[in-house]
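Enquirer:
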Amino acid sequence: MDKRVTLKIARITRETELINTYTFKHNLGARPGQFIMLTDFEGGEKPFSIADCHADEFSITVKKVGEFTTRLFEKQEGDFLSIRGPYGSSFFISNQKVLLVGGGYGTPPLYYLARTLLDVGADVTVVNGARTKEDLVFCDRFRHLGVRYQSITQDGSLGQEGTSVDLARNLLKSEHFDFVYAAGPEMMMKALMSELADYEYEFLFERYMKCAIGICGNCTVDPIGIRLCVEGPVMPKKYVVQLTEFGRYHRDATGKRIEF
Amino acid sequence: MHNRLQTKFSGVTVDSPLVLPAGVMGMSYSGMSYSAVHGAGVITSKSLTLQPRTGHKGPVMAGFEGGFLNCMGLCNPGIQDGLREVNDFKERSDTPVIVSVFATNMDDFLQLTHHVNESAGDFLELNLSCPNVFDEFGIPLAASAEEVGRIVGAVKGISKKPVIAKLSPNVYDIVSIACAAQDAGADGLCMINTVGPGMLIDTKMVKPVLHNKFGGLSGPCIKPIALKLVYQTSSAIDIPILGMGGVTYGNDAVEMWMAGAQIIGVGTAIYYRGIEVFNMINQEILAYLDEMGYETINDIPRLEPIL
Ligand SMILES: Cc1cc2nc3c(=O)[nH]c(=O)nc-3n(C[C@H](O)[C@H](O)[C@H](O)COP(=O)(O)OP(=O)(O)OC[C@H]3O[C@@H](n4cnc5c(N)ncnc54)[C@H](O)[C@@H]3O)c2cc1C
Ligand SMILES: Cc1cc2nc3c(=O)[nH]c(=O)nc-3n(C[C@H](O)[C@H](O)[C@H](O)COP(=O)(O)O)c2cc1C
Ligand code: FES
């Protein structure tokens, strides 16, 4: 059965002015890359990636972008929220030399992935990019984890000016990686893809989701029709290269095609 | 070898009796393809309206022991973009498509029919029975035999495609409504739409789980109701029935056939058994044919009709 649980917010961590992490005491049993559907029963139920997950708690990291996420930012520790999941596919867990490429609020699920990869003995490099210093999340957390870590901003507010794709491109020029993972804005992943012709990789995608259980069809991707809520959101290279809509359009809540 | 699952619905040959029902996976051409390659013999589009609709706010779907409640709220990209998805699918596939349309008045139904006439769709299905837009539109048209007859008759007058009327189970006397559709010229019936509606409550936040409060039931719990209504209706009419409601396993499909359905919808079962459910049920029907010594699906007997 598709199970819903209603939980108290155990902890709210302010990451930046626009990004909060919400931690819940619950054994979710999610794998890296999976997501939950979250609602406050005030109108709206939205997908969020698992940023970290332990036997007794899990967390999600949310960027304030619209009506629903703005309401989330008004919540206090101890308030109830209702979730269902975990849903969707998860990242392949490699024990070799891997590169993780994150952008903006896409980066948090890579934290749970990095932690899991370290556990199995992988050699992990993380590059993290955002528009400004204020949009860059999880820098300290990645550093504490003990991975090789680099970050960059588009406005140069950390010194170096550019995107995480620029950092990845430099690394790929001088080193070999056995597997590449990416999560972030679609155009970032599209740019990264052209660097990865010779690499195995997985990308974490976003599409408008309603049912999250593979029935309504709102999250199917052209032309193969796989469902991002079931076969995704993590897509291996063999699917990514087939997606004609990748970096071109997505479908909104009505199902209409919207160009990026 | 010939296809033992091949049958006919209103003059159209189908390679499998299994139908992807309206509102399930039919939002995009690729969702239709994905269902067809996994064994669906007929594809139904999402119910299309003249203008795009975002549908209700979430949660729009909620599970419980016996199935699901949904209140999608007829989200769809509108008839023009919706038919583009149908046409894009038909460019890639020979699988017959039922174009489902929804409206609340005669004028809109006629406009929608004109659009569908110009599409690559094979059938026109009139959704007269969505239970999830009550606040907006009131009692579904399918509650009134007179309204159903009036709309089906007018649409039949201009439609270039065979017309299917989709009926609601949530009425006192479905047989009289089915007869009204038949008398008005309907080429087939689709039944049943979701049951109820019903509700679920979150006991910690003291709120209805669905944002729309109420939603129609689908899945295993509605199968006995669907079988009973298909049986009663098929006993009383001559036009073919697209039967659906809770069909999850091959045996459910055979039951639906015996009750009088000619082709059989499989929707919510995609949750329980994955998109492979169509091929699985196809195989299970074939195993049943072998076990019972029937050559093709068309040899499976029907129940004695109610006199
Ligand atoms: C698999 C997946 C994982 C995600 N993980 C995260 C995450 O970890 N952190 C995070 O901050 N955000 C994440 N998102 C995006 C998040 O769901 C949206 O930011 C949120 O739904 C916005 O809601 P809103 O009402 O505040 O904004 P709105 O004003 O309603 O929308 C802003 C934008 O958010 C997107 N969006 C809105 N509703 C949905 C929906 N039902 N499904 C998908 N996208 C939607 C649309 O692109 C829209 O343009 C994820 C999305 C998906 C599909
Ligand atoms: C998520 C969802 C959306 C639906 N949307 C529509 C729709 O747009 N039009 C319609 O006529 N029926 C719609 N239905 C009803 C189905 O077509 C079908 O009649 C019903 O679900 C019973 O079949 P099932 O138990 O196999 O799912 C929807 C059902 C579900 C679960
Ligand atoms: S969100 Fe409904 S099929 Fe993926």
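Chains A and B, in that order, are what the protein sequence lines are. Residues in the first sequence are numbered from 1 upward in steps of one, following the numbering used here. Residues in the second sequence are numbered from 1 upward in steps of one, following the numbering used here. Glycine included, every Cβ here is placed at the ideal spot set by N, Cα and C.
I need the DSSP call for residue 281(B), collapsed to helix, strand or coil.
Expert: Walking along the second sequence from the start, residue 281(B) turns up at place 281. Helix at residue 281(B).
Enquirer: By alpha-carbon positions, which one of 190(A), 170(A) and 115(A) ends up nearest to residue 138(A)?
Expert: Against the first sequence, residue 138(A) aligns to sequence position 138. Of the listed residues, the one whose Cα sits closest to residue 138(A) is 115(A).
Enquirer: Can you tell me whether DSSP reads residue 49(A) as helix, strand or coil?
Expert: Working through the first sequence from its first residue, we reach residue 49(A) at position 49. Strand.
Enquirer: So if I threshold CB-CB distances at 9 Å, which residues from the region 102-120 of chain B count as touching chain A?
Expert: If the cut-off is 9 Å between Cβ atoms, the region 102-120 of chain B has nothing near chain A.
Enquirer: Check each residue's C-beta against every heavy atom of ligand 1 and list, in chain order, those closer than 5 Å.
Expert: Cβ-based neighbours of ligand 1 within the cut-off: 35(A), 46(A), 47(A), 48(A), 49(A), 62(A), 63(A), 65(A), 66(A), 67(A), 68(A), 69(A), 105(A), 206(A), 208(A), 209(A) and 233(A).
Enquirer: Below 8 Å on C-beta distance, what does residue 53(B) contact in chain A?
Expert: As a working mapping, residue 53(B) is identified with position 53 in the second sequence. The answer, in chain order, is 254.
Enquirer: Quick one: residues in its chain with C-beta nearer than 8 Å to the C-beta of residue 199(B), no 5 flanking neighbours on either side, listed in chain order?
Expert: For the purposes of this step, residue 199(B) is taken as residue 199 along the second sequence, with counting starting at 1. Result list for residue 199(B): 69, 208, 209, 210, 213, 214 and 215, in chain order.
Enquirer: Could you tell me which whole alpha helix (DSSP H) segments of length 4 or greater appear in the region 63-105 of chain A?
Expert: Segments of the alpha helix (DSSP H) lying fully in the region 63-105 of chain A: 67-72.
Enquirer: Would you please verify whether the beta carbon of residue 90(B) is less than 8 Å from any beta carbon of chain A?
Expert: What you label residue 90(B) is simply residue 90 of the second sequence in a count that begins at 1. False, the Cβ-Cβ gap to chain A never drops below 8 Å.
Enquirer: So, for residue 53(A): in the same chain, excluding its five sequence neighbours on each side, which residues have a beta-carbon less than 7 Å away from its beta-carbon?
Expert: Against the first sequence, residue 53(A) aligns to sequence position 53. Same-chain partners within the cutoff: 28, 30 and 112.
Enquirer: Can you find at least 3 beta carbon pairs, one from the region 159-175 of chain A and one from the region 213-230 of chain A, that sit closer than 8 Å?
Expert: Contact fails: fewer than three Cβ-Cβ distances are below 8 Å.
Enquirer: Indicate whether at least one CB of chain B lies closer than 8 Å to the CB of residue 215(A).
Expert: Along the first sequence, read from residue 1 onward, the residue named residue 215(A) stands at position 215. Yes, its Cβ sits closer than 8 Å to a Cβ of chain B.
Enquirer: Which residues in chain B have a C-beta closer than 7 Å to the C-beta of residue 43(A)? List them in chain order.
Expert: Indexing the first sequence from 1 puts residue 43(A) at position 43. The answer, in chain order, is 57 and 211.
Enquirer: Please confirm whether any heavy atom of ligand 2 lies closer than 7 Å to the CB of residue 68(B).
Expert: Residue numbering aside, residue 68(B) sits at position 68 when the second sequence is read from its first letter. Yes, the Cβ of residue 68(B) comes within 7 Å of a heavy atom of ligand 2.
Enquirer: In three-state DSSP terms, what is residue 40(A)?
Expert: If you number the first sequence from 1, residue 40(A) lands on position 40. If DSSP states are grouped into helix, strand and coil, residue 40(A) belongs with coil.
Enquirer: Less than 7 Å between the CB of residue 218(B) and some heavy atom of ligand 2, yes or no?
Expert: The residue given as residue 218(B) occupies position 218 in the second sequence. Under cutoff, so the answer is yes.
Enquirer: Residues of the region 82-115 of chain A in Cβ contact with chain B at a cutoff of 9 Å, in chain order, please.
Expert: Listed in sequence order: 82 and 84.
Enquirer: Do you know offhand how far residue 181(B)'s Cα is from residue 274(B)'s?
Expert: One-based indexing of the second sequence puts residue 181(B) at position 181. One-based indexing of the second sequence puts residue 274(B) at position 274. Each residue's Cα considered, the two are about 34 Å apart.
Enquirer: Output, in chain order, the set of chain A residues within a Cβ distance shorter than 9 Å of residue 77(B).
Expert: Residue numbering aside, residue 77(B) sits at position 77 when the second sequence is read from its first letter. Residues of chain A passing the Cβ test: 251, 252, 254, 255, 256 and 257.
Enquirer: Which one of 148(A), 96(A), 37(A) and 16(A) has the shortest CA to CA distance from residue 171(A)?
Expert: As a first step, residue 171(A) must be located in the first sequence, where it is residue number 171. Ranking the options by Cα distance to residue 171(A), first place goes to 148(A).
Enquirer: Could you say if the region 2-12 of chain A and the region 66-77 of chain A meet the contact criterion of at least three C-beta pairs nearer than 8 Å?
Expert: Yes, the region 2-12 of chain A touches the region 66-77 of chain A.
Enquirer: Tell me whether residue 300(B), by its Cβ, gets closer than 7 Å to a heavy atom of ligand 3.
Expert: If you number the second sequence from 1, residue 300(B) lands on position 300. It does not: the Cβ of residue 300(B) is nowhere closer than 7 Å to a heavy atom of ligand 3.
Enquirer: In the DSSP assignment, find the unbroken beta strand (DSSP E) run with residue 100(B) in it and report its ends.
Expert: The sequence position of residue 100(B) within the second sequence is 100, counting from 1. Looking at the DSSP string, the run of the beta strand (DSSP E) that includes residue 100(B) is 97-102.
Enquirer: I want to check one thing, is the minimum distance from the CB of residue 4(A) to the heavy atoms of ligand 3 below 7 Å?
Expert: Counted from its first residue, the first sequence places residue 4(A) at position 4. For ligand 3, not one heavy atom lies less than 7 Å from the Cβ of residue 4(A).
Enquirer: So which of 109(A), 220(A) and 179(A) has the shortest CA-CA distance to residue 58(A)?
Expert: Taking the first residue of the first sequence as 1, we reach residue 58(A) at position 58. When only C-alpha atoms are compared, the closest one is 109(A).
Enquirer: Please specify which runs of the alpha helix (DSSP H), each continuous and at least 4 residues long, are wholly inside the region 153-219 of chain A, giving them in chain order.
Expert: Those alpha helix (DSSP H) runs which fall completely within the region 153-219 of chain A and span 4+ residues are 164-174 and 186-193.
Enquirer: When you compare the CB positions of residue 262(B) and residue 9(B), do they come within less than 8 Å of one another, or not?
Expert: Against the second sequence, residue 262(B) aligns to sequence position 262. Against the second sequence, residue 9(B) aligns to sequence position 9. Closer than 8 Å, so yes.
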